[in-house]
Amino acid sequence: MDFLAHHVWLIPLLPLVAAGLIAVTPRPQRQFASSLSIGALAAAFLLATLAFAATLAPGYTRTISNLPWFTAGDLTLHWGWILDPISAAMLVMITFVGSLIFIFSTGYLAEDPNYTRFFGFLSLFAAAMLGLVIANSLLVLFVCWELVGVASYLLIGFWFTKPAAAAAAKKAFITTRIGDLGLFTAMLWLNSETGTLLFYDSGRGCLESAALTSLVAQTTVAGLTFTAAISLLAFWGAAGKSGQLPLHVWLPDAMEGPTPVSALIHAATMVAAGVFLTARLYPLLSATPGAEGLTFSNTTPALITIAWVGAATAVFAAVCAVAQHDLKRVLAYSTVSQLGLMFVGVATGGPAVGLVHLLTHAFFKALLFLGAGSVIHACHHEQDLRRLGGLRRGLPVTFAAYAVGMMALSGVPILFSGFWSKDAVLHGALAWPASKGPFVLCVIGAALTAFYMMRQMCFVFLGEPRGVNASDAHAHLPPHESPRVMTVPLVVLALCTLLLSAVCTPFWPALEHYLAGPKATPPSVTAGVWGLLVLSTVATATGLGLAWFAYRPVRGSASSADPLAERFPAVFGVLNRAFGVDALYAATLTRWGRGLGTAAAWFDRWVWAGLVDLFHTLGQFTGWISGRVDEDALNGGFDAGCEATRWSGRRLSLVHNGQAPRYLRIVALGATVFALLLFGWMEQK
Amino acid sequence: MNPLAGCLLLSCLLFASGLGAVLIRRNAIVVLIGIELMLNAANLNFIAFWRYGPNPEALTGLMAALFALAIAAAEAAVGLALIISLYRRHHRSDIDVAEELKG
Numbered sequence: 003m004d005f006l007a008h009h010v011w012l013i014p015l016l017p018l019v020a021a022g023l024i025a026v027t028p029r030p031q032r033q034f035a036s037s038l039s040i041g042a043l044a045a046a047f048l049l050a051t052l053a054f055a056a057t058l059a060p061g062y063t064r065t066i067s068n069l070p071w072f073t074a075g076d077l078t079l080h081w082g083w084i085l086d087p088i089s090a091a092m093l094v095m096i097t098f099v100g101s102l103i104f105i106f107s108t109g110y111l112a113e114d115p116n117y118t119r120f121f122g123f124l125s126l127f128a129a130a131m132l133g134l135v136i137a138n139s140l141l142v143l144f145v146c147w148e149l150v151g152v153a154s155y156l157l158i159g160f161w162f163t164k165p166a167a168a169a170a171a172k173k174a175f176i177t178t179r180i181g182d183l184g185l186f187t188a189m190l191w192l193n194s195e196t197g198t199l200l201f202y203d204s205g206r207g208c209l210e211s212a213a214l215t216s217l218v219a220q221t222t223v224a225g226l227t228f229t230a231a232i233s234l235l236a237f238w239g240a241a242g243k244s245g246q247l248p249l250h251v252w253l254p255d256a257m258e259g260p261t262p263v264s265a266l267i268h269a270a271t272m273v274a275a276g277v278f279l280t281a282r283l284y285p286l287l288s289a290t291p292g293a294e295g296l297t298f299s300n301t302t303p304a305l306i307t308i309a310w311v312g313a314a315t316a317v318f319a320a321v322c323a324v325a326q327h328d329l330k331r332v333l334a335y336s337t338v339s340q341l342g343l344m345f346v347g348v349a350t351g352g353p354a355v356g357l358v359h360l361l362t363h364a365f366f367k368a369l370l371f372l373g374a375g376s377v378i379h380a381c382h383h384e385q386d387l388r389r390l391g392g393l394r395r396g397l398p399v400t401f402a403a404y405a406v407g408m409m410a411l412s413g414v415p416i417l418f419s420g421f422w423s424k425d426a427v428l429h430g431a432l433a434w435p436a437s438k439g440p441f442v443l444c445v446i447g448a449a450l451t452a453f454y455m456m457r458q459m460c461f462v463f464l465g466e467p468r469g470v471n472a473s474d475a476h477a478h479l480p481p482h483e484s485p486r487v488m489t490v491p492l493v494v495l496a497l498c499t500l501l502l503s504a505v506c507t508p509f510w511p512a513l514e515h516y517l518a519g520p521k522a523t524p525p526s527v528t529a530g531v532w533g534l535l536v537l538s539t540v541a542t543a544t545g546l547g548l549a550w551f552a553y554r555p556v557r558g559s560a561s562s563a564d565p566l567a568e569r570f571p572a573v574f575g576v577l578n579r580a581f582g583v584d585a586l587y588a589a590t591l592t593r594w595g596r597g598l599g600t601a602a603a604w605f606d607r608w609v610w611a612g613l614v615d616l617f618h619t620l621g622q623f624t625g626w627i628s629g630r631v632d633e634d635a636l637n638g639g640f641d642a643g644c645e646a647t648r649w650s651g652r653r654l655s656l657v658h659n660g661q662a663p664r665y666l667r668i669v670a671l672g673a674t675v676f677a678l679l680l681f682g683w684m685e686q687k
Numbered sequence: 104m105n106p107l108a109g110c111l112l113l114s115c116l117l118f119a120s121g122l123g124a125v126l127i128r129r130n131a132i133v134v135l136i137g138i139e140l141m142l143n144a145a146n147l148n149f150i151a152f153w154r155y156g157p158n159p160e161a162l163t164g165l166m167a168a169l170f171a172l173a174i175a176a177a178e179a180a181v182g183l184a185l186i187i188s189l190y191r192r193h194h195r196s197d198i199d200v201a202e203e204l205k206g
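Protein sequence lines, in the order shown, are assigned to chains A and B. For any residue, its number in my numbering is found by taking its place in the first sequence, counting from 1, and adding 2. For any residue, its number in my numbering is found by taking its place in the second sequence, counting from 1, and adding 103.
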């Protein structure tokens, strides 16, 4: 147990190895790829469960293993792994939900020619996500953060031959990159101020009081402390990853990926990485100057920003979700909205509150997406709400599971974990001393959530078959329940959604208590809790009731017209286009970007290319000159020299006739001359 | 004219005729004879300088002449062997047939 706590990196290693093996697996080895991928993640789940069990020991805080990575000058960077309650809970959730989604994928993509590649990417993603949650260094976290970004890009663009999918993948990647720039800047700043990127390092880590005390003592523009400025930059990264305003635009488009991908990455795990980051950095986010140099408060500028952004996103996305026609886009906007709620939870109620909602949401949102996948699979890849209908008869298991997820998301009381975790968030927001604004927004968001989920149920499962199932070519092939391999994960997730509620109630908040760590004071049931339970029940009931009432025609017949769209076409249109944020970005940022690109291309082509051409011509000219010098002067000189030598050699060789007498005569002549010279010389002496 | 000068004059004549034979004649045997003449001119010098030199009691000149005779004998053996070999190769004993070293 202790071994595993120190070697928690083994958990992400398993899917990483699987991904590496699948990368070199030939495409026809489908069975091998999926078995390996599922097996590795299931083994990782077992390890994660063991690690989780280790953290249940009384008084357990965290186990850290750091080791130096490399040194460059004064800078030493470290690897670091951490096992604490939040990473252990995330590990269990990711490996469990991930395994179920992997299993579901074997059914959903059974006919896809690139099945092998899909499981390779999924494993890569799982490895990166698991690495992210156990990272004890912002650098390691950032590396994994980017790896999940890459995996997300690859998986959104899995059907890259579809132009929409390729564009969505690019959009997701670029938008999250814009966010990552903030996180990267935060990382550089943090490193230059504290000299370390390790979170916890027995007193020397950047989230420990020594570093935080020095950080809160310094201020930058507008009186922000360094902690607040760094936190805001980090939150910018988190907002990009978690689809918060104004960087939410990529998440709905990411639904172009296969549905299991949406379930795993764009609902349950990756998009929650931003929330996880704020929870991980919570000491930094909540640090503020105080009596002894450092205190913690949940009303720092960073947390106030996070709460407001989260609340605004929660309502904004919920409103948009009301007017979407695409089954998956509704769920995507719902995810954005729920992520906003998680941020509110982290900012107002503390990391444990946000993470509880993250964990319960992971289960029921994965359930909803897999349910949607099952519907899409059954209806031959039709995902327009207005062309589905009456599926409760053809897909009873999917219907039941989906209903559980829908009720958990809407916040139907008592049995559903979503209700309790959302209630904890609301409770945190209500008790927040800075403002009641986020609380009000969250309640409105909760009512809207109930509304759009009921609308979706009416269209998809209730009423009579519309559009695709009623009239067109597939009519003779009625929607059929998905194979066992797809329904079993649905049922398991539905059961988990129900069972999780047992540990989330305010009466026995075991999960929240566990996540908050042993030092935190356990939340207690007060009079306010009862009032809040009633209030949130009323909000949910209002949303559900209004939708039930408004969508009478839809749930009673095969009508495919949306009553809201008919009654308020203008408003509905605006909502359907998500307030035109995409159009706004297209008209401003994208156009500016394109203008800049055009200008840069022009500059490149005419100025830089001109310079390059000039140098090219100069180089050619110099080459020609030197060629002439070589050819004519040098070579000519050498040639002439060689010719002269050869000529003289030919002449001289005539002397050598090979006959001894001639040589002797020459020797004699030489001797005579020598003797005469010697004689003359002696005479002179 | 004293006896030494007469001897030296004779040896000069001998050497010149030997050299002339070597340089001018083609027949290898005559060339060999020329070489022998030059050697013996040198021998005559050894004897003359010894006999009329300052120290005729020591047998120095005689020793040198005896060595030179031995060398001349060896040289004649080698020379004749060369000539035989040349004859076998070219069926002539003229030295101008051996021109393999022509440039």
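C-beta: ideal position from N, C-alpha, C; glycine also. Since the model is a prediction, treat every value here as computed from it, not as a measurement.
Taking its Cβ as the centre, do 16 or more other Cβ atoms sit within 10 Å of residue i, making it buried, or is it exposed?
i                  : result
Lys-606 of chain A : A quick correction: the sequence has Asp, not Lys, at residue 606 of chain A. Exposed.
Ala-475 of chain A : At Ala-475 of chain A the pLDDT is 47, less than 50, meaning the model places this residue with poor confidence; the figure from the coordinates comes in the next sentence. Exposed.
Ala-635 of chain A : exposed
Asp-564 of chain A : buried
Ile-24 of chain A  : buried
Ala-173 of chain B : exposed
Ile-627 of chain A : exposed
Ile-96 of chain A  : buried
Trp-510 of chain A : exposed
Cys-115 of chain B : exposed
Ile-136 of chain A : buried
Arg-593 of chain A : exposed
Leu-200 of chain A : buried
Phe-623 of chain A : exposed
Below 7 Å CB to CB, which residues in the same chain sit around residue i once its five sequence neighbours on both sides are set aside?
i                  : result
Gly-558 of chain A : Gly-465
Phe-318 of chain A : Leu-247
Phe-371 of chain A : Thr-261, Ser-264, Ala-265, Ala-269, Leu-333
Ala-281 of chain A : Ile-88, Val-348, Pro-353, Gly-356, Leu-357
His-478 of chain A : Unreliable placement is indicated for His-478 of chain A, whose pLDDT of 46 sits below 50; no coordinate value is reported for it.
Ala-130 of chain A : Cys-146, Leu-149, Val-150, Ala-153
Thr-163 of chain B : Trp-153
Cys-110 of chain B : Leu-147, Ala-151
Leu-296 of chain A : Ser-211, Leu-214, Thr-215, Val-218, Ala-289
Quickly, what does DSSP pair residue i with across the bridge? List them, please.
i                  : result
Ala-137 of chain A : A:Trp-83
Thr-290 of chain A : A:Thr-297
Asn-130 of chain B : B:Asp-197
Asp-564 of chain A : Bridge partners of Asp-564 of chain A: none, in fact.
Arg-114 of chain A : Reading off the sequence, residue 114 of chain A comes out as Asp, not Arg. Bridge partners of Asp-114 of chain A: none, in fact.
Asp-328 of chain A : A:Asp-386
Please list, in chain order, all residues of the same chain as residue i whose beta carbon is under 8 Å from its beta carbon, the five residues on each side excluded.
i                  : result
Leu-534 of chain A : Asp-425, Leu-428, His-429, Leu-432
Ser-196 of chain B : Asn-130, Ala-131, Ile-132, Ile-186, Leu-189, Tyr-190
Leu-169 of chain B : none
Looking only at its own chain, which residues have a Cβ that is under 6 Å from the Cβ of residue i, when we skip the five neighbours before and after it?
i                  : result
Tyr-117 of chain A : Arg-32, Leu-111
Ser-423 of chain A : Val-358, His-359, Thr-362, Cys-506
Val-200 of chain B : His-193
Ser-36 of chain A  : Thr-108, Phe-121
Which bits of chain C does residue i rub up against, with CB to CB less than 7 Å?
i                  : result
Arg-667 of chain A : No chain C is part of this structure, whose protein chains are labelled A and B.
task: With a floor of 3 residues, list each beta strand (DSSP E) that falls wholly inside the segment 41-89 of chain A, ordered by position along the chain.
output: 65-74, 77-85
Three CB pairs or more closer than 8 Å across the segment 44-64 of chain A and the segment 84-101 of chain A: yes
query: Taking one C-beta from the segment 295-312 of chain A and one from the segment 348-362 of chain A each time, how about it: are there three or more such pairs within less than 8 Å?
result: yes
- prompt: Taking only runs of the alpha helix (DSSP H) that begin and end inside the segment 632-685 of chain A, which ones reach a length of at least 4 residues, in chain order?
  reply: Whole alpha helix (DSSP H) segments, 4+ residues: 638-655.
- request: Note down, one range per segment and in chain order, each alpha helix (DSSP H) of at least 4 residues found wholly within the segment 183-234 of chain A.
  value: Entirely contained in the segment 183-234 of chain A, the alpha helix (DSSP H) runs reaching 4 residues are, in chain order, 211-218.
query: On the three-pair Cβ rule with 8 Å, is the segment 218-229 of chain A touching the segment 125-142 of chain A?
result: The segment 218-229 of chain A is not in contact with the segment 125-142 of chain A.
- prompt: Counting pairs of Cβ atoms below 8 Å between the segment 162-177 of chain A and the segment 191-198 of chain A, do you hit three or more?
  reply: no
message: Quick check for students: name the residue ranges of the alpha helix (DSSP H) that lie wholly in the segment 416-474 of chain A, counting only runs of 4 or more.
response: 419-432, 439-462, 469-472
query: Does the segment 481-496 of chain A come close enough to the segment 303-323 of chain A to have 3 or more Cβ pairs within less than 8 Å?
result: no
query: How do the segment 395-403 of chain A and the segment 449-457 of chain A stand: do at least 3 beta-carbon pairs fall below 8 Å, yes or no?
result: no
query: Counting Cβ pairs, one atom from each stretch, are 3 or more of them under 8 Å apart for the segment 383-393 of chain A and the segment 533-549 of chain A?
result: No contact exists between the segment 383-393 of chain A and the segment 533-549 of chain A.
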